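Only one structure is covered here, and it is reproduced in the block below.
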Ligand SMILES: C[S@@+](CC[C@H](N)C(=O)[O-])C[C@H]1O[C@@H](n2cnc3c(N)ncnc32)[C@H](O)[C@@H]1O
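Numbering (my numbering), first residue to last: 4 to 126.
Put into structure tokens, the structure is as follows:
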């Protein structure tokens with residue numbers, strides 16, 4: 004195993020990091036609404052995975068403070084915070100695909116005349 008790759012809990016335990024558990028993409032079961040919002044919103048707010056640096060200024064089209072949230076869950080809180088703080092750019096990362104669908108729904112709902120700068124990446 005590489006020094007930086009931990010596949011499961013105790014196998015990756017080190018003196019420095021203790022018990023480390025890694026998470027992988029979890030497909031789960033998406034509702035019809037989550038699927039629809041995912042299909043509608045991901046082309047607008049999704050950042051597809053690529054093994055390279057994300058050029059955030061290019062992605063958001065401005066040089067605003069960036070907030071990274073790892074593990075957005077169902078996205079309700081993330082979407083509300085992003086909507087209430089439009090001077091910041093938000094990037095939410097989640098491994099649970101239905102959660103991304105729910106985040107897409109939340110972000111679609113909270114959008115008024117001006118969309119919040121919330122983007123998401125799965126994985
Ligand atoms: C307890 S929920 C937090 C939800 C949300 N932040 C909130 O406060 O409502 C934790 C989430 O983190 C996600 N997660 C865990 N490990 C992750 C990882 N390595 N990358 C992205 N998301 C991860 C899980 O799938 C889960 O949805």
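Glycine residues also receive a C-beta, built at the ideal position from the N, C-alpha and C atoms. Given the structure is predicted, the values throughout are model-derived calculations rather than measurements.
Whole angstroms is fine: what's the gap from residue 57's alpha carbon to residue 51's? The count along the chain shown starts at 1 and reaches residue 57 at position 54. The count along the chain shown starts at 1 and reaches residue 51 at position 48. Roughly 10 Å between the two C-alpha positions.
Run the proximity test for residue 61: is its beta-carbon closer than 7 Å to any non-hydrogen atom belonging to ligand 1? For the purposes of this step, residue 61 is taken as residue 58 along the chain shown, with counting starting at 1. Incorrect: residue 61 has no Cβ contact closer than 7 Å to ligand 1.
May I ask you to list the residues that DSSP assigns as paired with residue 79? For this step, residue 79 is matched to residue 76 along the chain shown. Beta-bridge pairing links residue 79 to no other residue.
Got a sec, what are the start and stop residues for the beta strand (DSSP E) residue 48 sits in? Position 45 of the chain shown, counting from 1, holds the residue named residue 48. Unbroken run through residue 48 is the alpha helix (DSSP H), 35 to 48; no beta strand (DSSP E).
Sequence-distant residues of its chain with Cβ nearer than 7 Å to residue 38 (five each side left out): For the purposes of this step, residue 38 is taken as the residue at position 35 of the chain shown. So the list reads 104, once near-sequence residues are dropped.
Are there 16 or more other CB atoms within 10 angstroms of the CB of residue 64, so buried, or fewer, so exposed? Reading the chain shown from its first residue, position 61 is the one you call residue 64. So residue 64 counts as exposed.
Checking the sheet assignment: what are the DSSP bridge partners for residue 95? On the chain shown, position 92 is the one that residue 95 refers to. DSSP lists 72 and 123 as partners of residue 95.
In three-state terms, what does DSSP make of residue 64? If you number the chain shown from 1, residue 64 lands on position 61. Of the three classes helix, strand and coil, the one that applies to residue 64 here is coil, per DSSP.
Less than 7 Å between the CB of residue 76 and some heavy atom of ligand 1, yes or no? Position 73 of the chain shown, counted from the start, is the residue given in the question as residue 76. Checking every heavy atom of ligand 1 against the Cβ of residue 76, one is found closer than 7 Å.
So, helix, strand or coil for residue 86, using DSSP? Taking the first residue of the chain shown as 1, we reach residue 86 at position 83. Of the three classes helix, strand and coil, the one that applies to residue 86 here is helix, per DSSP.
Which of helix, strand or coil does DSSP assign to residue 110? The count along the chain shown starts at 1 and reaches residue 110 at position 107. Three-state DSSP puts residue 110 in a helix.
What number of angstroms, rounded off, separates the C-alpha of residue 100 from the C-alpha of residue 34? As a working mapping, residue 100 is identified with position 97 in the chain shown. As a working mapping, residue 34 is identified with position 31 in the chain shown. Taking the straight line from one Cα to the other gives about 11 Å.
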